[in-house]
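**Student:** Order-wise, the sequence lines are chains A and G.
Just add 9 to wherever you are in the first sequence, counting from 1, and you've got our numbering.
Just add 9 to wherever you are in the second sequence, counting from 1, and you've got our numbering.
Glycine included, every Cβ here is placed at the ideal spot set by N, Cα and C.
Protein chains: 2
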Amino acid sequence: MFLNLEHLGIAVKNLDEANALYARLLGVEHYKIEEVASEKVKTSFFKTGEAKIELLEASDPESPIAKFIEKKGEGIHHVAFEVADIRAEMQRLSSEGFQMLNTEPKLGADNKLVCFVHPKSAGGVLVELCQSIIPE
Amino acid sequence: MFLNLEHLGIAVKNLDEANALYARLLGVEHYKIEEVASEKVKTSFFKTGEAKIELLEASDPESPIAKFIEKKGEGIHHVAFEVADIRAEMQRLSSEGFQMLNTEPKLGADNKLVCFVHPKSAGGVLVELCQSIIPE
Numbered sequence: 010m011f012l013n014l015e016h017l018g019i020a021v022k023n024l025d026e027a028n029a030l031y032a033r034l035l036g037v038e039h040y041k042i043e044e045v046a047s048e049k050v051k052t053s054f055f056k057t058g059e060a061k062i063e064l065l066e067a068s069d070p071e072s073p074i075a076k077f078i079e080k081k082g083e084g085i086h087h088v089a090f091e092v093a094d095i096r097a098e099m100q101r102l103s104s105e106g107f108q109m110l111n112t113e114p115k116l117g118a119d120n121k122l123v124c125f126v127h128p129k130s131a132g133g134v135l136v137e138l139c140q141s142i143i144p145e
Numbered sequence: 010m011f012l013n014l015e016h017l018g019i020a021v022k023n024l025d026e027a028n029a030l031y032a033r034l035l036g037v038e039h040y041k042i043e044e045v046a047s048e049k050v051k052t053s054f055f056k057t058g059e060a061k062i063e064l065l066e067a068s069d070p071e072s073p074i075a076k077f078i079e080k081k082g083e084g085i086h087h088v089a090f091e092v093a094d095i096r097a098e099m100q101r102l103s104s105e106g107f108q109m110l111n112t113e114p115k116l117g118a119d120n121k122l123v124c125f126v127h128p129k130s131a132g133g134v135l136v137e138l139c140q141s142i143i144p145e
């Protein structure tokens, strides 16, 4: 099972402008910026209680975020849930008939292992699973 | 400021089918179903840590959810944040240049006063503010 809603990912065109907009909206400033080379995105994070808001700007025209914005415009891109054992959850979801977008977890933002469920198998929602990497 | 991400609203075509799908996905069953006549929706709720998942099925062809699905298909519809004083937050957001979809809070699902921010002024995201009604 999923432990909690870890963050909501929002696709934005310009991270600097969006950081200012979301600071006015949420009433708090972003607390970090991180580039995720593997996903071709630059991200920023806001804390809103237990869950975070993650803004995502494409750092390359081939980024999934650039393609998303081209097709649908700015807005909510994915929802991420924390899990205790990402490989076990990937196996559980596959056996339940969900289509996984990766066969192995990969390194995501915020020091986490992540994987994605295809929105076609999850009611039109791009679902991310994430597991915090605990330093040894 | 917003206190926490209270729930994520997801538009679905058929609530019974979606309840089964999301129970398989999240690994928990929905814990309640509620009809909100004012919004022409039937909703169900799942607990995922501090935040909830709210599924929304249109109970009338004129429901905002029916129109959303017609235009964009099933998927994430809005994100809701808990606030301590909804009227004060509405005033704060208006003064920050956000366009509110209602001038007065209205009664929403889950025993809350709610209002919405227009997605055009909030980076393409339909944002709900909600304040729990404490029985006297």
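(1) Does the region 22-38 of chain G come into contact with the region 75-85 of chain A, if we say contact requires no fewer than three beta-carbon pairs (one atom in each stretch) closer than 8 Å?
(2) What three-state label does DSSP hand ASN111 of chain A in the structure shown?
(3) Nearest chain G C-beta to ILE95 of chain A closer than 8 Å, yes or no?
(4) Counting only Cβ pairs nearer than 7 Å, list the residues of chain A close to MET10 of chain G.
(5) Quick check: the Cα distance between LYS56 of chain G and GLY106 of chain G, rounded to an integer number of angstroms?
(6) Which residues mark the beginning and the end of the alpha helix (DSSP H) in which GLU104 of chain G is found?
(7) Is there a Cβ from chain A that is less than 8 Å from the Cβ of GLU59 of chain G?
(8) Is there a C-beta anywhere in chain G that falls below 8 Å from the one on LEU110 of chain A?
(9) The beta strand (DSSP E) with ALA67 of chain A in it runs from where to where?
(10) Going by C-alpha to C-alpha distance, which of G:MET10, G:SER130, G:ASP25 sits closest to GLU83 of chain A?
(11) Let me know the beta strand (DSSP E) ranges lying completely inside the region 22-88 of chain G, each 3 residues or longer, listed in chain order.
(12) Of all Cβ atoms in chain A, is any one closer than 8 Å to the Cβ of GLU66 of chain G?
(13) What residues of chain A sit near VAL134 of chain G, judged by a beta carbon separation below 7 Å?
(14) List the endpoints of the continuous beta strand (DSSP E) containing HIS16 of chain G.
(15) Closest by CA to GLY117 of chain A, which one among A:GLN108, A:THR52, A:GLY58?
(16) How close, in whole Å, do the beta carbons of LEU14 of chain G and PHE125 of chain G come, if the pair is a contact with beta carbons under 8 Å?
(17) Once you ignore the five residues that flank LYS22 of chain A on each side, which residues in its own chain have a CB closer than 8 Å to its CB?
(18) GLN140 of chain A: which of A:LEU17, A:ILE19, A:GLU38, A:VAL123 sits nearest, CA to CA?
(19) Just to make sure I have the definition right: I need the residues of chain G whose C-beta is within less than 8 Å of the C-beta of ASN13 of chain A. Which are they?
(20) Compute the beta-carbon to beta-carbon distance between ILE142 of chain A and LYS121 of chain A, rounded to the nearest angstrom, for a pair I have assumed lies under 8 Å.
(21) Measure the Cβ-Cβ separation of GLU59 of chain G and ASP119 of chain G and say whether it is below 8 Å.
**Tutor:** In brief:
(1) no
(2) coil
(3) no
(4) LEU35, GLY36, VAL37
(5) 33 Å
(6) Note that residue 104 of chain G is Ser in the sequence shown here, rather than Glu. SER104 of chain G -> alpha helix (DSSP H) spans 95-104.
(7) yes
(8) no
(9) Looking at the DSSP string, the run of the beta strand (DSSP E) that includes ALA67 of chain A is 60-67.
(10) G:SER130
(11) 41-45, 50-57, 60-67
(12) By this cut-off, GLU66 of chain G is not an interface position.
(13) The contacting residues are ILE19, GLY84, ILE85.
(14) 13-20
(15) Of A:GLN108, A:THR52, A:GLY58, the residue nearest in Cα terms is A:THR52.
(16) With 8 Å as the limit, LEU14 of chain G and PHE125 of chain G do not qualify as a contact, their Cβ atoms being about 15 Å apart.
(17) Counting only Cβ-Cβ distances below 8 Å, and skipping sequence neighbours, we find GLU66, ILE78, GLU83.
(18) A:VAL123
(19) THR57, GLY58, GLU59, ALA60
(20) 6 Å
(21) no
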